[in-house]
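Numbering (the numbering used here) for the sequence shown: 16 to 101.
Heads up: the structure comes next, in structure tokens.
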Amino acid sequence: MANTPQARKRIRRNDRRAEINTNRVSRIRTFVKKVEAALAGGDKTAAAEALKAAQPELARGVSRGVIHKNTAARKMSRLSKRVAAL
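What follows is the structure, encoded as structure tokens:
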């Protein structure tokens, strides 16, 4: 258990940040799922639009530090490849 006031403050701050970061990762996953749903439906235009919306979200997640740069690049690459293959 934290004993110093600063350690207690860090615990409060970490809890707040964890909640915010969880929401950010969840939002990114939602955008990726929209692309995958459009791919499953076979609708190339919808998939391309969803991918266009998902790419900035992934980039924002990288800049905020909630996902790793290579993870975002890998997801973008694989989704782009699947959309192009439709």
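Cβ coordinates follow ideal geometry from the N, Cα and C atoms, glycine included.
Using a 10 Å radius around the Cβ and a threshold of 16 neighbouring Cβ atoms, would you call residue i buried or exposed?
{"i": "A53", "result": "buried"}
{"i": "L94", "result": "buried"}
{"i": "I35", "result": "exposed"}
{"i": "L73", "result": "buried"}
{"i": "I26", "result": "exposed"}
{"i": "G56", "result": "exposed"}
List the whole-angstrom C-beta distance separating residue i from residue j, where the pair is believed to meet the contact cut-off of C-beta under 8 Å.
{"i": "L66", "j": "V98", "result": "5 Å"}
{"i": "F46", "j": "A68", "result": "6 Å"}
{"i": "I43", "j": "G80", "result": "No, I43 and G80 are not in contact; Cβ-Cβ is about 13 Å, not under 8 Å."}
Closer than 7 Å to a non-hydrogen atom of the ligand GTP - does that hold for the CB of residue i?
{"i": "T37", "result": "In the structure on display, the ligand GTP does not appear, and there are no ligands present to speak of."}
Pairs of beta-carbons, one from the segment 51 to 65 and one from the segment 79 to 93, closer than 8 Å: are there three or more? no
Which whole runs of the beta strand (DSSP E) in the segment 77 to 101 are 3 residues long or more, in chain order? none
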